[in-house]
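Q: Once you've had a glance at the structure underneath, I'll fire off some questions.
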Amino acid sequence: MFPKQRVLDDMMRRSNKIFFIVFIGVFFTILFFYDLAGGDNGNDARFYLDRGINLYKQEKYFEAIDSFRNAIGLNPYYGDAYKYIAEVYYYLGEYKISLENSLVALKYAHNDPDAMLIVANSYRELGDFN
18 MFPKQRVLDD
28 MMRRSNKIFF
38 IVFIGVFFTI
48 LFFYDLAGGD
58 NGNDARFYLD
68 RGINLYKQEK
78 YFEAIDSFRN
88 AIGLNPYYGD
98 AYKYIAEVYY
108 YLGEYKISLE
118 NSLVALKYAH
128 NDPDAMLIVA
138 NSYRELGDFN
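When we follow my numbering, the leftmost residue of the sequence shown carries the number 18, and every step to the right adds one.
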């Protein structure tokens, strides 16, 4: 091998190492800032609401309730989270708890027709027609 070729090969190996190190650095920097920006890390109420809806669809009712409660923990005025808690409890036959949560849902999600329906159905199931 010619000396020039050996020097060129050494330069290529070094530049490949430098490129790899820079690439890894940029990759982890992007991950770090994505996490700080609230990327899918569970720091926003909508994340927990969506997770709870998926759990509810999978018939994992108590896990869904926990997820909805996590959403409320991050946003105590999240009417949709209360509405879904009410819906799960209604499905489980816990009409009083369903009613309580659906009334709170109406307080924060004004005139939500689904929450109104849960209120009406819960009153009906409880036999409270007043």
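Glycine is no exception: its CB is placed at the ideal position from the N, C-alpha and C atoms.
Thinking C-alpha only, which one of L123, L134 and K34 is nearest Y99?
A: The residue you call residue 99 lines up with position 82 of the sequence shown. Minimum Cα distance to Y99 is reached at L123.
Q: Enumerate in chain order the residues of its own chain whose CB-to-CB distance from A88 is below 6 Å, with the five nearest sequence positions on each side excluded.
A: To locate residue 88, count along the sequence shown from 1; it is residue 71. A62, Y65, L66, Y95 and A98, listed in sequence order.
Q: Could you check where the alpha helix (DSSP H) with E111 kicks off and where it finishes?
A: Residue 111 sits at position 94 when you count from the first residue of the sequence shown. That residue, E111, is in no alpha helix (DSSP H); it is neither H nor E in DSSP.
Q: Of the residues Q22, I35, N138 and T46, which one's Cα is nearest the Cα of I114?
A: Stepping through the sequence shown from its first residue, residue 114 is reached at position 97. The residue with the shortest Cα to Cα distance from I114 is N138.
Q: Taking only the alpha-carbon atoms, compute the straight-line gap between D131 and T46 and give it to the nearest angstrom.
A: Here residue 131 corresponds to residue number 114 of the sequence shown, with the count starting at 1. Here residue 46 corresponds to residue number 29 of the sequence shown, with the count starting at 1. The alpha-carbon atoms of D131 and T46 are separated by roughly 43 Å.
Q: Going by the beta-carbon positions, is the gap between I102 and N118 smaller than 8 Å?
A: Reading the sequence shown from its first residue, position 85 is the one you call residue 102. Reading the sequence shown from its first residue, position 101 is the one you call residue 118. Yes, Cβ-Cβ distance for I102 and N118 is below 8 Å.
Q: Can you say whether A104 is buried or exposed, counting buried as having 16 or more other CB atoms within 10 angstroms of its CB?
A: The count along the sequence shown starts at 1 and reaches residue 104 at position 87. Per the sequence presented here, residue 104 reads as Glu, with Ala not at that position. That one is buried.
Q: Using a Cβ-Cβ cut-off of 8 Å (strictly less than) and excluding sequence neighbours within five positions of I70, which residues of its own chain qualify?
A: As a first step, residue 70 must be located in the sequence shown, where it is residue number 53. Cβ neighbours of I70 beyond the five flanking positions: A81 and Y101.
Q: Let me make sure I understand the geometry here. Which of R68, V121, R141 and G144 has the alpha-carbon closest to that of F85?
A: On the sequence shown, position 68 is the one that residue 85 refers to. The shortest Cα separation from F85 among R68, V121, R141 and G144 belongs to R68.
Q: Can you say whether Y112 is buried or exposed, counting buried as having 16 or more other CB atoms within 10 angstroms of its CB?
A: Stepping through the sequence shown from its first residue, residue 112 is reached at position 95. Y112 comes out buried.
Q: At which residues does the alpha helix (DSSP H) containing G144 begin and terminate?
A: Mapped onto the sequence shown, residue 144 falls at position 127. Taken as a continuous stretch (DSSP letters only), G144 belongs to no alpha helix (DSSP H), as it is neither H nor E.
Q: Relative to the alpha-carbon of E142, which residue among N128, H127, Y107 and Q75 has its alpha-carbon at the smallest distance?
A: Taking the first residue of the sequence shown as position 1, residue 142 is located at position 125. When each option's Cα is compared against that of E142, the closest is Y107.
Q: Between the C-alpha atoms of Q75 and L109, what's the straight-line distance to the nearest angstrom?
A: Position 58 of the sequence shown, counted from the start, is the residue given in the question as residue 75. Position 92 of the sequence shown, counted from the start, is the residue given in the question as residue 109. Rounded to whole angstroms, Q75 to L109 spans 14 Å at the Cα level.
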